[in-house]
Amino acid sequence: MVLEVAQFDVTDADAFLTAYRGAREVLSSTSGCRSVRMTRGIESPLRFTLLVEWDSVAAHEENFRGTERFVQWRGAIGPYFAAPPQVEHFEDVD
Numbered sequence: 001m002v003l004e005v006a007q008f009d010v011t012d013a014d015a016f017l018t019a020y021r022g023a024r025e026v027l028s029s030t031s032g033c034r035s036v037r038m039t040r041g042i043e044s045p046l047r048f049t050l051l052v053e054w055d056s057v058a059a060h061e062e063n064f065r066g067t068e069r070f071v072q073w074r075g076a077i078g079p080y081f082a083a084p085p086q087v088e089h090f091e092d093v094d
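See the structure below:
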């Protein structure tokens, strides 16, 4: 399992959340996606962090990023980005 961590700074939090809620299923129903969680900054309410558990980096890149699903997802939430998101993958350590 890998954890995708994506940080978004947005221009309109309410519109972003509406778009996210409308598009969440596109992400969560992707093969290899185990869970999806969005968090919002308390001190920085225009900052959101998306946490997605994937079976593997390949599941994220091949089943989502390389498909029409990503185009649909990005089309929904992308208009509210203040800057390009920062995205990294993490794995558990003992």
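Using the UniProt record's numbering, the first residue of the sequence shown is number 1, and each one after it goes up by one.
Backbone N, C-alpha and C define an ideal beta-carbon position, used for all residues, glycine too.
This one's a predicted model, so the numbers in the text were calculated from it and none came from an experiment.
Residue i to residue j span [Cα, whole Å]
i: LEU50; j: THR67; result: 19 Å
i: ALA82; j: ALA13; result: 11 Å
i: GLU4; j: ARG24; result: 15 Å
i: GLY75; j: LEU17; result: 14 Å
i: VAL71; j: ASP92; result: 29 Å
i: VAL26; j: ALA19; result: 12 Å
Beta-carbon contacts of residue i that lie in its chain and below 6 Å, excluding the five residues immediately before and after
i: ARG34; result: GLU53
i: GLN86; result: GLN7
i: THR39; result: THR49
i: residue 158; result: Nothing can be reported for residue 158: it is not among the residues displayed for the chain, which extend from 1 to 94.
i: THR11; result: TYR80 and ALA82
Close Cβ partners of residue i (< 7 Å) along its chain, the five nearest in sequence each way excluded
i: THR30; result: ASN63, PHE64 and ARG69
i: ALA15; result: TYR80
Burial state of residue i, where buried means 16 or more other Cβ atoms lie within 10 Å
i: PHE90; result: exposed
i: ILE77; result: buried
Can you list, in chain order, the stretches of the beta strand (DSSP E) that have 3 or more residues and sit fully within the UniProt domain "ABM" (2-90)? Fully contained in the UniProt domain "ABM" (2-90) are the following beta strand (DSSP E) runs of length 3 or more, in chain order: 2-9, 33-40, 47-54 and 86-90.
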